[in-house]
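Here is the structure we will look at, set down as structure tokens.
Residue numbers (the UniProt record's numbering): 1 to 245.
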């Protein structure tokens, strides 16, 4: 996949197939958590807590014992929502809120599981597909739709996830971005830290201005800050500012 195709791709699963398993585990984990947060309304309180704790574990703010306790409270032990062939998608007789909740619960459990175990691209891809299935079932429940509408909702969610993946990985598959330490002024770091901790990235354009004031002349960095987003934890520019890998 060329850089131009990467930037235009509207399918997170296709994009994940193009990366290798040396991609930063933290980045993949944060992507799966972002997918889970798009299913937040379909998650029970225990599953939401598990995602919060998994994020803290990845940031080394809690230990493995706390993560394991949170994971055990999810519905990950329930039968998975796939059919016998492992198919993820629309199935007759498996519809409505129950289907949406089933996929969402599995996604939260699996995402919190890979916070401490392996985090390969195949894991991230399956979580993304199941999160899209949850959103698609939720969508057709709202409108009483059928299979054709399910496919539309699924495609919309995979496109939204593609934007998340671009925010997290940027163009690192094609080139590295030079980020001198002189650009990390106190103002720049404070803005990035506040957005990272609050998950409110509304100040990204202000970050661009602060970076320019610090001497940043990278079009990739500035354009990303001033673009439409979305931005989530793991945003490649914020990570560069904060020195996160």
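Idealized CB from N, CA, C, for every residue including glycine.
Because the structure is a prediction, the values reported are computed rather than measured.
Alpha carbon to alpha carbon, how far is residue 198 from residue 189? Give it in angstroms, no decimals. The straight-line gap from Cα to Cα measures roughly 14 Å.
Proximity of residue 127 and residue 235 at Cβ, strictly below 8 Å: With a cutoff of 8 Å on beta-carbon distance, residue 127 and residue 235 are scored as not near each other.
Alpha-carbon to alpha-carbon, residue 144 and residue 246: This structure cannot settle anything about residue 246, because the visible part of the chain is limited to 1 through 245.
Are the region 152-170 and the region 51-71 in contact at 8 Å, needing three or more beta carbon pairs? Touching, no.
Candidates 2, 240, 233, 103: closest to residue 132 by CA position: For residue 132, the nearest C-alpha among the options comes from 103.
Starting from the C-beta of residue 149, find all residues in its chain whose C-beta is less than 6 Å away, skip the five residues before and the five after it, and write them out in chain order. Closer than 6 Å at Cβ, skipping near neighbours: 140.
Verify whether the separation of the beta carbon atoms of residue 237 and residue 195 is less than 8 Å. No, Cβ-Cβ distance for residue 237 and residue 195 is not below 8 Å.
Hey, which unbroken runs of the alpha helix (DSSP H) at 4 residues or more fall wholly within the region 34-63? At a cut-off of 4 residues, the continuous stretches assigned as alpha helix (DSSP H) that sit fully inside the region 34-63 are 45-58.
Would you give the residue range spanned by the alpha helix (DSSP H) that residue 226 belongs to? Counting along the chain, the alpha helix (DSSP H) containing residue 226 begins and ends at 219-226.
For the candidate residues 220, 181, 200, 221, whose alpha-carbon lies nearest to that of residue 243? Taking only the C-alpha atoms, the option nearest residue 243 is 181.
Through-space distance from residue 207 to residue 225, alpha-carbon basis: If you take the alpha carbons of residue 225 and residue 207, they lie about 7 Å apart.
Residue 232 (DSSP reduced to helix, strand or coil): Looking at residue 232 - three-state DSSP - the assignment turns out to be coil, as it is neither helix nor strand.
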